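Q:
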Amino acid sequence: MLAAEMPNEKHVLFAFVSENLISRDVRADALIREVSGFVGGRGGGKAHIAQAGVEDITKIDEALESGANTVKAFLREAEG
């Protein structure tokens with residue numbers, strides 16, 4: 001799951017990944033690094049949860065939409 005939180009002035013993206021996906025080489029930290037580029041942010045975390053700051057809030061929808069494609073790409077790579 002990829003989500004955005006926008007309290008007050010600080011905007012954040014979060015990535016949460018199930019154990020099933022982690023076992024298939026989909027990691028939240030890798031996912032957040034990929035999608036944070038859309039919003040000019042940087043992030044990190046662990047295999048199951050990660051977060052990134054958001055610099056350009058106008059690109060949040062684009063970043064969230066890219067998450068599904070990124071997961072699909074990770075799965076294709078894992079399947080070889």
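Residue 1 is where the sequence shown starts when you use our numbering, and the numbers rise one by one after that. The C-beta atom is built at its ideal place from N, Cα and C for all residues, glycine as well. Computed from a prediction, not measured in an experiment: that's the story for all the values here.
(1) Can you check DSSP and say which residues form a bridge with Ile49?
(2) Under a Cβ-count criterion, where at least 16 other Cβ atoms within 10 Å of its own Cβ denotes burial, should Gly80 be classed as buried or exposed?
(3) State the DSSP-derived secondary structure class of Gly37, mapped to helix, strand or coil.
(4) Bridge partners of Ala30, per DSSP?
(5) Judging by CA-CA distance, which residue of Gly40, Asn8 and Ala68 is the nearest neighbour of Ala15?
A: In short:
(1) Phe16
(2) exposed
(3) helix
(4) Answer by DSSP bridge pairing: none, since Ala30 is not bridged.
(5) Ala68
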